[in-house]
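*Asks:* Sending over a structure as structure tokens; questions will come in a sec.
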Amino acid sequence: MSEDVDLNQAHSNAASRIVQILFVLWLVFVNVFYYLQFRDLLLSLFGSWVHRWH
Amino acid sequence: MILASARLLLVFFLLLLSVAWGSRMLGRLGFQAESHLEGALFSAGVFFASLEIALFALAVAGWLRFATAAILLTLMALSAGRGWRDLWTHARSISANARESLRSAFSRVIVSLIAICLLLEALLAMAPLTGSDALHYHFTAPLLQQGKALTPIFWLMQSFYTGQAHLLISLGLSLGSDRISLGLIFLGGLLTVAALFAMSRQLMSTQWAWITSLIFIATPLVYWQTSTSGSPDMWMAFYCAISTLAAARAVPSSAQAPVVAQSSARWLVLAGFFAGAAAGVKYTGWVIPFALVVYILAVQRSWRTASLSGIASLLAGIWPMARNWVWSGDPMFPFFMRFLNPRKVNSYSLDAFLSMSGAANVARDWQHLLGYPFLLVFNGNEHGLGQYYGPLVLAFSPLLAFAPWKKPVTSVAASFWAAVYLSNLFSSQMGRLLLPVYALSLALVLSGVAAIAQRGWRIATGGCTASIFLFLVFAGASDALYARDFLPVVFGTEKDQAFLERMCPDYETSEFINRTLQQDVRPAAGSNVMVFFRHLYYIRVPFVDGSPEYSWQMDPALYSDPNKLLLHLREMNVRWVVKAPVYPEALAASFSKLEEEGKLVPIASTSVNNLTGVSRIYRQKQIIHVVLLKVADPGT
Chain A
395 MSEDVDLNQA HSNAASRIVQ ILFVLWLVFV NVFYYLQFRD LLLSLFGSWV
445 HRWH
Chain B
7 MILASARLLL VFFLLLLSVA WGSRMLGRLG FQAESHLEGA LFSAGVFFAS
57 LEIALFALAV AGWLRFATAA ILLTLMALSA GRGWRDLWTH ARSISANARE
107 SLRSAFSRVI VSLIAICLLL EALLAMAPLT GSDALHYHFT APLLQQGKAL
157 TPIFWLMQSF YTGQAHLLIS LGLSLGSDRI SLGLIFLGGL LTVAALFAMS
207 RQLMSTQWAW ITSLIFIATP LVYWQTSTSG SPDMWMAFYC AISTLAAARA
257 VPSSAQAPVV AQSSARWLVL AGFFAGAAAG VKYTGWVIPF ALVVYILAVQ
307 RSWRTASLSG IASLLAGIWP MARNWVWSGD PMFPFFMRFL NPRKVNSYSL
357 DAFLSMSGAA NVARDWQHLL GYPFLLVFNG NEHGLGQYYG PLVLAFSPLL
407 AFAPWKKPVT SVAASFWAAV YLSNLFSSQM GRLLLPVYAL SLALVLSGVA
457 AIAQRGWRIA TGGCTASIFL FLVFAGASDA LYARDFLPVV FGTEKDQAFL
507 ERMCPDYETS EFINRTLQQD VRPAAGSNVM VFFRHLYYIR VPFVDGSPEY
557 SWQMDPALYS DPNKLLLHLR EMNVRWVVKA PVYPEALAAS FSKLEEEGKL
607 VPIASTSVNN LTGVSRIYRQ KQIIHVVLLK VADPGT
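Keeping their order, the protein sequence lines are chains A and B. For the record, in the first sequence the residue sitting at position 48 is 442 according to my numbering, with numbers rising by one throughout. For the record, in the second sequence the residue sitting at position 275 is 281 according to my numbering, with numbers rising by one throughout.
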């Protein structure tokens, strides 16, 4: 009986972990695509600095 | 800096007056808020929505001047009576609660950051007006109507857009400065943060509520709207938030059912009044009272309460639409002119207007409708500046499943959010117009984050924390960079004139017109100069806009013949025309022909270095040639 409970708990933990990891991947996707759109603005503000570094 | 402080003090006094007067009125009507913060917010909402109605009446009669505004505020201060004592009670309780919630070092850091953001926004609001839409109509229409009985300005179509919150701009102008108007817009932002905190406290721990408030106030779109934009839309967000709080008070939890049920109708009428005040700011806001009425019918199943709530909404917000109906036959001028007053339609201007509002370009195929939440965030430049909200609402949206849906505030907030989002999706797809519900959406998704943190979901909570941290760093850096251009003029290290030449589009052209016509030509009474550029606020001689894109009176279909155009210019008392650098495309041939025939004679010209492009933040400038031409007198 207690082995069944442990097994259920383990399954539940694993499922929870998978859901959380999928959610974090979703967060990465949203963040990456969000900040990508500011490339041009950042370059217009700091482009001269980038040029100087090179 | 001293003047800026004095203006902010006046705005602070208006805040105190609003809580005192509103508290007195709510007390008389038998309202008892659950917390002092909510009580203060409801009081401020009642005061400002009522003040806007009174200001509308004064404006219609042409009595909105310094003396009448001062008398009105004095009368309200005197009639507040016991409300001043309530104000003291509210202030003491709120500060005690704040001290209590600031015991942890983390909370103190978050609250300090909120205070820094608010201080920066208050300071930026004290810079001279440079917001594009504000220069076009938010401030220009109230300035043109200042001290005069309200009359339609058909050559500035967006003047029909001005709503109840624009009367706060008129109030600031009456009290002596457009910076007071900007200060009142800042106050709208400040009150919205407070309302968001009050709402968040019902959904999550105090610490998460502080974080939600910080995210909101640091969000670039909120930061811009609260400080320099000169648009009163933040008031819409405030009224929407307190409407949510009031409606949530009406839904009884099982323990309080007998007590609360008695007063629930009353709270819903108050929520309707606030929803109507939100609707009074902008046409698009009418979806808020509509959603509330549907919500009442769904939850309370009471036609009577729904009707009373709807009537309260109309009382608070119908006035600009009634005004537009009297003036044009279309309460939402010019959107329904084709149906309501087809004989008076200027098709060119209407199409241009629909195109600018986004309504004409909306893609309604299912891929676009489903993709809108992503396009809004990832490609905001094409969707009404949606990128300036940041990514958090979209990123945390899956966590809505964990929001406390049993709490009334959750369902009311979700109803408003869904209604505004759907109306936006099917009408304009302009992200900026979602501002009224941005605070609600943040509260809901952050309540989901708080819930998974409480469940001990460490990986997901870690991802959320990192996303929040990243956004706050990005937003903080953006806000600081943005402030850099405005702070010198606020602190007095840069002259207003130099600042405006640097930051204000079309300012140098306006100054050229003012200089030439005020000093050299001396405009005769009733004579106007016709301009074709967008940013009109700093023109200080009588003028009319001649762009068919903005003026209902300049129909290219009617004035393609140069002689008819000349006659029309004379009918409009136009004695000068400004070409900067070209005429509007649809009328260019007619104007050029008049020039060739010597009926428009150049009398002065200059070159100015004008801001160009879609936004000031890109700092793109272009030298343009400006020519002032005199309209030939009849018979020459």
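For each residue, glycine too, the CB sits at the ideal point set by N, CA and C.
Helix, strand or coil for LEU162 (chain B)? Go by DSSP, reduced to three states.
*Replies:* In this structure, LEU162 (chain B) counts as coil in the three-state DSSP scheme.
*Asks:* Could you give the first and the last residue of the continuous beta strand (DSSP E) run that contains PHE549 (chain B)?
*Replies:* Counting along the chain, the beta strand (DSSP E) containing PHE549 (chain B) begins and ends at 549-551.
*Asks:* At a CB distance below 7 angstroms, what residues from the segment 395-406 of chain B approach chain A? Give them in sequence order.
*Replies:* Answer set for the segment 395-406 of chain B: PRO397, LEU400, ALA401, PRO404.
*Asks:* Please list, in chain order, all residues of the same chain as HIS448 (chain A) whose beta carbon is under 7 angstroms from its beta carbon, the five residues on each side excluded.
*Replies:* In this prediction, HIS448 (chain A) scores a pLDDT of 49, lower than 50, which makes its location untrustworthy; the coordinate-derived value is nonetheless stated afterwards. Same-chain partners within the cutoff: there are none.
*Asks:* In its own chain, which residues sit with a C-beta less than 7 angstroms from the C-beta of LEU391 (chain B), not counting the 5 before and 5 after it?
*Replies:* Closer than 7 angstroms at the Cβ level, and outside the excluded window around LEU391 (chain B), lie LEU227, GLY437, ARG438.
*Asks:* Quick check on DSSP: helix, strand or coil for LYS570 (chain B)?
*Replies:* If DSSP states are grouped into helix, strand and coil, LYS570 (chain B) belongs with the helices.
*Asks:* Determine, using beta-carbon pairs with one atom in the segment 344-361 of chain B and one in the segment 387-406 of chain B, whether at least three such pairs fall under 8 angstroms.
*Replies:* No, because fewer than three Cβ pairs between the segment 344-361 of chain B and the segment 387-406 of chain B fall closer than 8 angstroms, the two stretches do not touch.
*Asks:* How is the beta strand (DSSP E) around ASP608 (chain B) delimited, first residue to last?
*Replies:* Just to set this straight, residue 608 (chain B) is Pro in the shown sequence, not Asp. Per DSSP, PRO608 (chain B) belongs to the beta strand (DSSP E) from 606-617.
*Asks:* Under a Cβ-count criterion, where at least 16 other Cβ atoms within 10 Å of its own Cβ denotes burial, should GLU603 (chain B) be classed as buried or exposed?
*Replies:* By the 10 Å Cβ count, GLU603 (chain B) comes out exposed.
*Asks:* Taking 8 angstroms as the threshold (beta carbon to beta carbon), is ARG433 (chain A) in contact with chain B?
*Replies:* Chain B contact via Cβ: absent.
*Asks:* Is the separation between the beta-carbon of PHE72 (chain B) and that of GLY182 (chain B) shorter than 8 angstroms?
*Replies:* Going by C-beta atoms, PHE72 (chain B) is nearer than 8 angstroms to GLY182 (chain B).
*Asks:* Enumerated in chain order, which unbroken segments of the alpha helix (DSSP H) with a length of 4 residues or greater are wholly contained in the segment 495-542 of chain B?
*Replies:* 502-509, 513-521, all fully within the segment 495-542 of chain B.
*Asks:* What is the residue span of the beta strand (DSSP E) that GLN628 (chain B) lies within?
*Replies:* Residues 627-637.
*Asks:* Use the C-beta contact count for THR95 (chain B): other C-beta atoms within 10 angstroms, 16 or more gives buried, fewer gives exposed.
*Replies:* Flag for THR95 (chain B) reads exposed.
*Asks:* What residues from the segment 458-469 of chain B come within 7 angstroms of chain A, judged by C-beta to C-beta, listed N to C?
*Replies:* The residues in question are TRP463, ILE465, ALA466, GLY469.
*Asks:* Spell out whether any CB of chain B is found under 8 angstroms from the CB atom of GLN414 (chain A).
*Replies:* Closer than 8 angstroms: yes.
*Asks:* How close, in whole Å, do the beta carbons of TRP558 (chain B) and MET163 (chain B) come, if the pair is a contact with beta carbons under 8 angstroms?
*Replies:* So it is a contact: roughly 5 angstroms between Cβ atoms.
*Asks:* Here's the rule I'm using: 16 or more other beta-carbon atoms within 10 Å means buried, otherwise exposed. How should ASP512 (chain B) be labelled?
*Replies:* By the neighbour-count rule (16 or more Cβ atoms within 10 Å), ASP512 (chain B) is buried.
*Asks:* Where do the N-terminal and C-terminal ends of the beta strand (DSSP E) with ARG581 (chain B) fall, by residue?
*Replies:* Note, ARG581 (chain B): beta strand (DSSP E), 580-585.
*Asks:* Relative to the alpha-carbon of VAL426 (chain B), which residue among B:THR416, B:LEU446, B:PRO414, B:LEU209 has its alpha-carbon at the smallest distance?
*Replies:* Considering only alpha carbons, the answer is B:LEU446.
*Asks:* Hey, would you say SER315 (chain B) sits closer than 8 angstroms to ALA285 (chain B), going by beta carbons?
*Replies:* Not in contact: SER315 (chain B) and ALA285 (chain B) (Cβ atoms no closer than 8 angstroms).
*Asks:* Unbroken alpha helix (DSSP H) runs of length 4 or more, entirely within the segment 43-114 of chain B: which are they?
*Replies:* Runs of the alpha helix (DSSP H) inside the segment 43-114 of chain B: 72-85, 89-107.
*Asks:* What are the uninterrupted segments assigned as alpha helix (DSSP H) that are 4 or more residues long and contained completely in the segment 192-266 of chain B, given in chain order?
*Replies:* List check, alpha helix (DSSP H) in window: 212-224, 226-233, 239-256.
*Asks:* Hey, out of B:ALA60, B:GLY291, B:LEU274, B:LEU43, whose CA is closest to VAL305 (chain B)'s CA?
*Replies:* Taking only the C-alpha atoms, the option nearest VAL305 (chain B) is B:LEU274.
*Asks:* For a contact meaning CB atoms closer than 9 angstroms, what does ASN425 (chain A) contact in chain B?
*Replies:* Simply PRO397, ALA401, ALA472, SER473, LEU476, PHE477.
*Asks:* For the alpha helix (DSSP H) holding GLU602 (chain B), just list the boundary residues, first then last.
*Replies:* Its alpha helix (DSSP H) spans residues 594-602.
*Asks:* Taking 7 angstroms as the line, does the beta carbon of HIS574 (chain B) fall inside it for any heavy atom of the ligand GDP?
*Replies:* The model on display carries no ligand, and the ligand GDP is accordingly not part of it.
*Asks:* For ALA271 (chain B) and ASP184 (chain B), what's the separation of their Cα atoms in angstroms?
*Replies:* Near 40 angstroms, if we compare the C-alpha coordinates of ASP184 (chain B) and ALA271 (chain B).
*Asks:* Below 8 angstroms, can you find three or more Cβ-Cβ pairs linking the segment 49-56 of chain B to the segment 23-32 of chain B?
*Replies:* A contact exists between the segment 49-56 of chain B and the segment 23-32 of chain B.
*Asks:* Checking contacts by CB at 8 angstroms: is LYS627 (chain B) closer than that to chain A?
*Replies:* It does not: the Cβ of LYS627 (chain B) has no partner Cβ on chain A nearer than 8 angstroms.
*Asks:* Okay, do the segment 125-133 of chain B and the segment 232-239 of chain B touch, 3+ Cβ pairs below 8 angstroms being the bar?
*Replies:* With the cut-off at 8 angstroms, the segment 125-133 of chain B and the segment 232-239 of chain B touch.
*Asks:* Ignore the nearest five residues each way along the sequence and tell me which others in LEU440 (chain B)'s own chain have a CB closer than 6 angstroms to its CB.
*Replies:* The answer, listed in chain order, is ASN430.
*Asks:* In terms of residues, what are the limits of the alpha helix (DSSP H) holding LEU448 (chain B)?
*Replies:* Taken as a continuous stretch (DSSP letters only), the alpha helix (DSSP H) holding LEU448 (chain B) covers 441-461.
*Asks:* Taking all protein chains shown into account, decide if ASN291 (chain B) is buried (16 or more other Cβ within 10 angstroms of its Cβ) or exposed.
*Replies:* The identity of residue 291 (chain B) in the sequence shown is Gly, whereas the question assumes Asn. With 16 or more Cβ atoms within 10 Å of its Cβ, GLY291 (chain B) is classed as buried.
*Asks:* Considering only residues of the same chain and omitting the five flanking positions on each side of SER363 (chain B), which have a CB-CB separation below 7 angstroms?
*Replies:* Cβ within range, chain order: SER434.
*Asks:* With three or more beta-carbon pairs closer than 8 angstroms as the criterion, would you say the segment 401-409 of chain B touches the segment 237-256 of chain B?
*Replies:* Cβ pair count under 8 angstroms is below three, so no.
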